[in-house]
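Per full-length UniProt numbering, residue 1 is the first one in the sequence shown, and the count goes up by one each step.
No residue lacks a Cβ here, since even glycine has one placed at the ideal position from N, Cα and C.
A quick note: this is a predicted structure, and the numbers were derived from the prediction, not measured.
Input: a single structure, listed below in structure tokens.
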Amino acid sequence: MGEYMSAIIANYYGIPLMKSDDHLFKDGGRGKDLYPDLEVKSWNDTVVDLITDIKKRRQILDAVKNQNYKMNNENDRYKNE
């Protein structure tokens with residue numbers, strides 16, 4: 001629901017860009033169908049676009065990867081309880 005709210009707000013205020021890794025906003029997803037003009041960038045794409053220092057970029061991308069792994073494990077554990 002949070003990603004849809006972000007898209008609704010971006011659309012309402014005419015903000016052309018949103019950061020999301022949600023599968024609903026990838027090609028073929030419902031979010032992409034509802035907001036075809038909204039450019040949705042992943043964390044990785046955003047970091048690559050904004051961070052020019054290769055070492056710093058790698059540190060950030062590694063941290064994002066580790067946090068995603070941790071979050072996925074916690075979600076799986078929650079679903080299995």
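query, result
"At least three beta-carbon pairs within less than 8 Å, the segment 9-17 to the segment 25-45", "yes"
"Continuous beta strand (DSSP E) assignments of at least 3 residues falling wholly in the segment 26-53", "39-41"
"Asp21 vs Ser42 beta-carbon contact at 7 Å", "yes"
"Range of the contiguous alpha helix (DSSP H) that encloses Glu3", "Gly2 to Tyr13"
"Straight-line Cα distance separating Gln59 from Gln67", "12 Å"
"Distance, Lys19 Cα to residue 96 Cα", "The question about residue 96 has no answer, for the chain in this structure spans 1 to 81."
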